[in-house]
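Numbering (the working numbering), first residue to last: 22 to 232. Structure, as structure tokens:
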């Protein structure tokens with residue numbers, strides 16, 4: 022049986038699947054109390070992949086860059102985005118460009134969202150022409166500012182994909198009827214979408230094996 026404070030009330034459940042990053046889980050009041058010290062240490066040492074990153078998207082009525090014979094991909098050391106890609110849903114509609122920001126999280130916070138968006142559009146215009154300013158919408162997602170993704174120790178960013186070996190703790194987790202389903206807990210491909218699928222499959226198997 023696992024009991025933890027979810028913010029407003031004590032929640033008790035016969036089984037628990039944890040689908041948030043390990044460090045985020047430990048940030049919930051009382052969450053670490055149900056685990057051994059060794060498991061909590063392993064969870065605290067597991068970084069959240071790309072937690073310190075940010076992504077920008079601009080949408081357009083048409084993929085004008087393709088009309089110029091451009092693929093929409095770019096890598097740059099000038100401007101806020103380190104790389105840019107064509108994110109259009111189809112050749113005919115829902116045109117978009119997106120980029121991963123190369124500006125560190127503290128600097129992004131200092132600039133502010135409005136200024137960052139302006140700089141991203143300036144960079145797209147420099148790369149693909151002034152038509153880049155005729156966007157229909159812009160979106161900026163800063164994972165470092167999302168408390169459901171990043172913790173303070175994640176802001177510096179990990180240098181390698183997360184590796185969390187839960188094998189030494191399987192008996193403990195089985196006793197608590199608890200499973201991890203975030204990509205950081207995957208036995209393979211940790212940090213990737215494939216890792217999230219693998220971790221979810223592992224958690225599903227663990228649940229059904231306890232029935």
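In this text, a Cβ means the ideal position worked out from N, Cα and C, and glycines have one as well.
- Closest by C-alpha distance to residue 139, out of 93, 78, 44, 170, is 78.
- For residue 156, the closest alpha carbon among the candidates 145, 181, 164 is that of 145.
- Here residue 190 is buried. Its C-beta has 16 or more other C-beta atoms within 10 Å.
- Counting along the chain, no alpha helix (DSSP H) covers residue 105; the unbroken beta strand (DSSP E) around it starts and ends at 102-107.
- Taking all protein chains in view, the Cβ of residue 200 is crowded by 16 or more other Cβ atoms within 10 Å, so the residue is classified as buried.
- In its chain, beyond the 5 residues on either side, 70, 182, 183, 184, 185, 204, 205 have a beta carbon closer than 8 angstroms to the beta carbon of residue 211.
- Apart from sequence neighbours up to five positions away, the residues of its chain that approach residue 67 with a beta-carbon distance below 6 angstroms are 43, 183, 185, 205, ordered along the chain.
- About 27 angstroms separates the Cβ atoms of residue 109 and residue 73, ruling out a contact at the 8 angstroms cut-off.
- The C-beta separation of residue 164 from residue 158 comes to about 20 angstroms, leaving the pair out of contact by the 8 angstroms criterion.
- In the structure shown, residue 67 adopts coil according to DSSP, grouped into three states.
- In the assembly as shown, residue 219 is a buried residue. Its beta-carbon has 16 or more other beta-carbons within 10 Å.
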